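Line order of the protein sequences matches chains A and B.
First residue of the first sequence? That's 29 in this note's numbering, and the numbers climb one at a time after it.
First residue of the second sequence? That's 2 in this note's numbering, and the numbers climb one at a time after it.
Where a beta carbon is used, it is the ideal one built from N, C-alpha and C, also for glycine.
Note that the coordinates shown come from a computational prediction; the quantities given were computed from them, not determined experimentally.
The next block holds one structure in the form of structure tokens; read it before the comments.
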Amino acid sequence: MPTLVLLLLATSIVSAGMGAFDIPSDQVLSSVLRHLGLDVGHVSDANEAVLWNIRFPRIVLGIMVGACLGCAGAAMQGVFGNPLAEPGVIGVSSGAALGAVGAIVLGVSTFGSWTVTAFAFAGGLITTLFVYLLSRSDGRTEVVTLVLTGIAINALAGAAIGLFTFVADDAELRSITFWNLGSVGGASWKIIGALAPFALIGLLVLPRYARALDIMALGERGARHLGVDTERVRIVVVVLSATLVGAAVAAAGVITFVGLVVPHIIRLIAGPRHRLLLPASAVLGALVTVGADLAARTVAMPKEVPLGVLTALIGAPFFLWLLRRTRSRQGGWA
Amino acid sequence: MRLLARNRTAAPATVPEVGTIGVEAEHVTYAIAGRNLVDGVSLTVRHGEIVAVLGPNGAGKSTLLGLLTGDLTPHHGTVRIADRPSSDYSQRELALRRAVLPQSVTLSFPFTVDEVVRMGRAPHAGLPSEESEDTIVARALAETDVAHLADRVYPSLSGGERARVSLARVLAQGAPVLFLDEPTAALDLKHTEDVLRLARDRARQGDAVVIVLHDLNLAAAYADRIALLAHGRLVACGPPEQVCTAPVLSELYGHPVDVLRRPGTDELLILPSR
Numbered sequence: 029m030p031t032l033v034l035l036l037l038a039t040s041i042v043s044a045g046m047g048a049f050d051i052p053s054d055q056v057l058s059s060v061l062r063h064l065g066l067d068v069g070h071v072s073d074a075n076e077a078v079l080w081n082i083r084f085p086r087i088v089l090g091i092m093v094g095a096c097l098g099c100a101g102a103a104m105q106g107v108f109g110n111p112l113a114e115p116g117v118i119g120v121s122s123g124a125a126l127g128a129v130g131a132i133v134l135g136v137s138t139f140g141s142w143t144v145t146a147f148a149f150a151g152g153l154i155t156t157l158f159v160y161l162l163s164r165s166d167g168r169t170e171v172v173t174l175v176l177t178g179i180a181i182n183a184l185a186g187a188a189i190g191l192f193t194f195v196a197d198d199a200e201l202r203s204i205t206f207w208n209l210g211s212v213g214g215a216s217w218k219i220i221g222a223l224a225p226f227a228l229i230g231l232l233v234l235p236r237y238a239r240a241l242d243i244m245a246l247g248e249r250g251a252r253h254l255g256v257d258t259e260r261v262r263i264v265v266v267v268l269s270a271t272l273v274g275a276a277v278a279a280a281g282v283i284t285f286v287g288l289v290v291p292h293i294i295r296l297i298a299g300p301r302h303r304l305l306l307p308a309s310a311v312l313g314a315l316v317t318v319g320a321d322l323a324a325r326t327v328a329m330p331k332e333v334p335l336g337v338l339t340a341l342i343g344a345p346f347f348l349w350l351l352r353r354t355r356s357r358q359g360g361w362a
Numbered sequence: 002m003r004l005l006a007r008n009r010t011a012a013p014a015t016v017p018e019v020g021t022i023g024v025e026a027e028h029v030t031y032a033i034a035g036r037n038l039v040d041g042v043s044l045t046v047r048h049g050e051i052v053a054v055l056g057p058n059g060a061g062k063s064t065l066l067g068l069l070t071g072d073l074t075p076h077h078g079t080v081r082i083a084d085r086p087s088s089d090y091s092q093r094e095l096a097l098r099r100a101v102l103p104q105s106v107t108l109s110f111p112f113t114v115d116e117v118v119r120m121g122r123a124p125h126a127g128l129p130s131e132e133s134e135d136t137i138v139a140r141a142l143a144e145t146d147v148a149h150l151a152d153r154v155y156p157s158l159s160g161g162e163r164a165r166v167s168l169a170r171v172l173a174q175g176a177p178v179l180f181l182d183e184p185t186a187a188l189d190l191k192h193t194e195d196v197l198r199l200a201r202d203r204a205r206q207g208d209a210v211v212i213v214l215h216d217l218n219l220a221a222a223y224a225d226r227i228a229l230l231a232h233g234r235l236v237a238c239g240p241p242e243q244v245c246t247a248p249v250l251s252e253l254y255g256h257p258v259d260v261l262r263r264p265g266t267d268e269l270l271i272l273p274s275r
């Protein structure tokens with residue numbers, strides 16, 4: 029865990045220094061320290077402006093989005109007792125994207141410049157609750173039903189997004205592409221401020237359910253035999269995870285595989301206990317996202333590779349490798 | 002964690018006395034699609050005894066166990082744990098009073114054996130305890146002969162090892178009423194005897210034990226009473242000597258059964274006629 033935090037800090041500092049023109053790491057550090065009231069070293073005004081207006085917001089947003097996705101992924105896999113469950117699977121990501129695309133194409137502007145973000149957030153939360161209600165019967169939620177409902181909802185949201193894409197004009201298409209591909213390039217302190225409360229609620233409250241999530245690995249009935257109020261745990265964790273993912277998608281579009289791969293890596297290194305898994309997944313999620321964003325904006329300079337495309341490109345094969353390795357070493361998951 | 006620790010008054014007041022009611026079913030009926038899987042069954046299991054539930058496939062053993070543990074709610078009748086209807090308890094209060102060993106336990110994530118057994122202590126979180134969790138867990142691991150597996154990952158274990166680890170978790174839970182659903186199905190001869198002796202020891206120490214079995218000889222050797230089920234009804238219930246007679250068992254299983262004595266003892270030997 030401390031190693032992860034140190035790696036995250038180092039990556040952030042390196043990332044802040046790299047870009048259209050390079051700023052040495054010691055200047056990055058000096059700049060941060062100066063804002064903390066410690067006057068050491070010299071940073072030119074131009075560098076100062078680049079760092080605080082462009083690079084830092086982008087990195088902080090990357091950290092927050094990555095932390096949200098990593099932690100939400102771990103929590104959802106825990107609550108559904110399925111290591112393949114992912115926020116995207118139960119419909120949050122596509123629901124949020126649908127909300128955003130709908131707002132863009134329909135030209136809604138109820139909340140001014142916040143409209144698209146607000147719609148993305150609402151879309152994610154509504155879709156998740158919809159999936160949850162649809163898959164409930166007899167006061168319970170069958171995991172298989174829930175996942176299958178998620179697939180259907182994903183297809184429906186995909187079709188609706190396709191429809192919006194079809195009727196959109198060129199300018200709208202550009203925005204829509206952003207939501208589908210995912211990027212932290214639009215970062216600003218304002219967006220970060222809007223994301224922060226949602227991120228903090230989720231990241232701080234979810235670890236309280238760590239022990240209950242551990243026990244839910246025994247299955248719903250087994251967890252009830254040990255006194256866990258499974259229905260309650262499930263609804264709270266689902267809503268909190270949806271909040272995290274909805275907020276992340278609202279700020280940065282759809283970034284896939286972070287929520288799937290990151291918790292797996294932590295489990296392989298440190299085991300499945302949620303007390304460690306939830307916070308560690310948040311930190312590693314942040315690290316992966318900041319690192320991937322650094323790559324996204326530097327590999328093909330001056331052009332940027334979309335971040336969501338990059339994470340999927342790295343994440344998907346990695347996941348397949350992980351699947352093979354884990355199965356052969358630990359005799360599968362079940 | 003806070004979720005589990007919410008009810009601070011959940012613990013049972015005292016250790017139940019031998020002879021008091023552990024679990025009691027009163028005319029319970031449970032139906033699916035108009036068919037009574039359990040039909041008007043009354044059964045009382047007291048602290049200090051083992052009651053084995055037997056019957057042919059489809060007789061309603063699992064359903065009856067589900068009703069007794071509180072997993073299922075009877076359509077008619079009541080189930081009481083200690084002196085209160087089981088529907089009056091919160092999940093956590095129930096977890097402090099009864100522990101359940103299901104037929105098989107699969108785990109979604111690769112927890113270690115030690116972690117799995119510790120899960121059994123979850124209902125006690127935040128409650129005062131005479132012994133430390135480490136002591137209780139270590140004893141449960143030793144009693145079920147899995148201490149050497151403590152650091153292994155549960156999904157990598159054999160069927161028999163998993164069954165014993167799950168039993169260790171149930172013992173660690175420390176509930177005074179135990180429900181064991183075919184605990185010996187995956188076990189070899191030695192571990193079968195070990196597990197049933199363990200169940201009998203728990204009963205001698207005052208637990209009420211309900212155990213679903215298929216093996217008539219095991220039931221006759223270890224149970225204080227045997228409850229025979231057929232078509233959801235209780236056919237007979239009493240000490241093995243009384244219940245295990247050739248006519249009753251032949252009728253129950255629809256196959257001729259011989260009841261003999263092990264030479265030199267009065268121990269029952271129950272064999273299908275061949």
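Check	Outcome
C-beta contact flag for GLU50 (chain B) and VAL210 (chain B) at 9 angstroms	yes
Test: LEU246 (chain A) CB closer than 9 angstroms to a CB of chain B	yes
Proximal residues of chain B, C-beta to C-beta of ASP73 (chain A) below 8 angstroms	Those do not exist, as ASP73 (chain A) stays about 50 angstroms from chain B at its closest Cβ, beyond 8 angstroms.
is_contact[THR107 (chain B), chain A] using C-beta, thresh 9 angstroms	yes
Beta-carbon contacts of ALA278 (chain A) that lie in its chain and below 6 angstroms, excluding the five residues immediately before and after	THR145, ALA148 and PHE149
Chain-ordered neighbours of ALA100 (chain B) on chain A, where CB pairs are closer than 9 angstroms	HIS253 and LEU254
Environment of ILE33 (chain B) [buried if 16+ CB atoms lie within 10 Å]	exposed
Backbone CA spacing between PRO307 (chain A) and SER109 (chain B) [nearest angstrom]	20 angstroms
Outcome for LEU55 (chain B) when other beta-carbon atoms lying within 10 angstroms are tallied against a minimum of 16	buried
Unbroken alpha helix (DSSP H) run spanning ALA150 (chain A), endpoints	143 to 162
CB contact check: ARG295 (chain A) to chain B, cutoff 9 angstroms	yes
Which listed residue (A:HIS70, A:ILE51 and A:ASP50) has its alpha carbon closest to that of SER58 (chain A)	A:HIS70
For VAL60 (chain A), the first and last residue of its enclosing alpha helix (DSSP H)	53 to 63
Segment limits, alpha helix (DSSP H) that includes ASP321 (chain A)	302 to 326
Which residues DSSP lists as bridging VAL42 (chain B), in chain order	B:VAL29
Identity of the residues DSSP links to VAL211 (chain B) by a beta bridge	B:VAL52 and B:PHE180
Touching by the beta-carbon criterion (3+ pairs, under 8 angstroms), the region 99 to 107 of chain A and the region 315 to 330 of chain A	no
Cβ neighbour criterion (16 or more within 10 Å) applied to ILE181 (chain A)	buried
Test: ARG81 (chain B) CB closer than 9 angstroms to a CB of chain A	no
ARG9 (chain B) versus VAL233 (chain A): straight-line alpha-carbon distance, rounded	Confidence at ARG9 (chain B) is low in this model, with a pLDDT of 46, below 50, so the placement of that residue should be treated as unreliable; the coordinate-derived value is given next. Spanning the two alpha carbons is a distance of roughly 21 angstroms.
Inter-stretch contact at 8 angstroms, needing at least 3 Cβ pairs: the region 73 to 93 of chain B / the region 130 to 141 of chain B	no
Given 8 angstroms, three or more beta-carbon pairs between the region 218 to 233 of chain A and the region 176 to 195 of chain A	no
Per DSSP, cross-strand counterpart(s) of LEU209 (chain A)	Beta-bridge pairing links LEU209 (chain A) to no other residue.
Segment limits, alpha helix (DSSP H) that includes VAL129 (chain A)	120 to 134
Residues bridged to HIS77 (chain B) [DSSP beta-bridge criterion]	B:THR30
Cα-Cα separation, GLY41 (chain B) to HIS302 (chain A)	44 angstroms
CB contact flag (ILE294 (chain A), LEU89 (chain A), <9 angstroms)	no
Limits of the unbroken beta strand (DSSP E) element including ILE227 (chain B)	226 to 231
Cβ-based burial, PHE84 (chain A) [other Cβ within 10 Å; buried from 16]	buried
Extent of the continuous beta strand (DSSP E) run through VAL260 (chain B)	258 to 262
Where ALA6 (chain B) sits in the DSSP three-state scheme	At ALA6 (chain B), the pLDDT of 44 sits below 50, so the modelled position is not reliable; the number obtained from the coordinates is stated separately. ALA6 (chain B) falls in the coil class under three-state DSSP.
The region 137 to 145 of chain B / the region 251 to 271 of chain A touching (three or more Cβ pairs under 8 angstroms)	no
Span of the alpha helix (DSSP H), counted from its first residue to its last, around LEU235 (chain B)	Note, LEU235 (chain B): premise wrong, no alpha helix (DSSP H); beta strand (DSSP E) at 234 to 239.
Cβ neighbour criterion (16 or more within 10 Å) applied to GLU114 (chain A)	buried
Sheet register partners of ALA100 (chain B) (DSSP bridge)	B:LEU179
6 angstroms Cβ shell around PRO257 (chain B) - same chain, five flanking residues per side excluded	SER251 and SER274
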